[in-house]
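Numbering (my numbering), first residue to last: 1 to 203.
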């Protein structure tokens, strides 16, 4: 168990460094790219992993699809991770996003639960990166602030605001709402970066 924890933490650290390297060139990327982008939001979970895809142009966001990837708790962890990997891969192949947003994970008092969440988050980071998507990470409070207007928003408030912003969303589970909220947050952040890059807003 300890060795597995070290491996996951090592992967996440490397992933964080990789993202920082990508982030350093983000301004130049957005200058060259269209203001329209397709974003995949991912809410990691080993039992249920939420996903949502939106098309964003500035602060205008259109819902494309959302859903969940479910794994059977009776399955071995490696098999469950394969299910998540293949599911995320299929979503990317189906909707062709170019950027992804993944929720950051914080360690809680339940070490076993945190470790399992880390497994799922590793898949959420790995697959988009392998498909050459720009991968961003956001904390839960940052997402709530961007979508609801307060970092202390409840899960129900997030769901209601996602429904208001994206009326076509199906939201079969709260995980899908969280994933779409992640995509919305990234769309807003990206739009702000584009305005800064174009000189319309001072840094």
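The beta carbon of each residue, even a glycine, is placed where N, CA and C say it ideally should be.
- Cα atoms of residue 144 and residue 189: separation of roughly 13 angstroms, rounded to the nearest angstrom.
- Beta-bridge partners of residue 52 (DSSP): 41, 66.
- For the options 83, 55, 66, 36, the alpha carbon positioned closest to that of residue 46 is the one of 83.
- With a cutoff of 9 angstroms on beta-carbon distance, residue 135 and residue 185 are scored as not near each other.
- Contact check for residue 182 against residue 101 passes: the beta carbons are separated by less than 9 angstroms.
- If you draw a straight line from the Cα of residue 49 to the Cα of residue 61, it is about 22 angstroms long.
- Note on the region 62-112: whole beta strand (DSSP E) runs with a minimum of 3 residues are 99-103, in chain order.
- Burial of residue 80 is indicated by the presence of at least 16 other C-beta atoms within 10 angstroms of its C-beta.
- Minimum Cα-Cα distance from residue 166 among the listed residues 180, 76, 77, 93 corresponds to 180.
- Excluding residues up to 5 positions away in sequence, 49, 84, 87 lie with their Cβ nearer than 6 angstroms to the Cβ of residue 69 in the same chain.
- With fewer than 16 neighbouring CB atoms inside 10 Å of its own CB, residue 150 falls in the exposed class.
- Only buried fits residue 116, as 16 or more other CB atoms lie within 10 angstroms of its CB.
- As summarised for the region 122-190, the continuous beta strand (DSSP E) elements at least 3 residues long and confined to that stretch are 134-138, given in chain order.
- The C-beta of residue 106 has fewer than 16 other C-beta atoms within 10 Å across all chains shown, which makes the residue exposed.
- The shortest CA-to-CA distance from residue 59 to any of 196, 198, 187, 197 is the one to 187.
- Looking at the DSSP output, residue 57 bridges to 36, 60.
- Residue 178 and residue 169 have their C-alpha atoms spaced approximately 12 angstroms apart.
- Take the alpha-carbon of residue 40 and the one of residue 175: they are about 14 angstroms apart.
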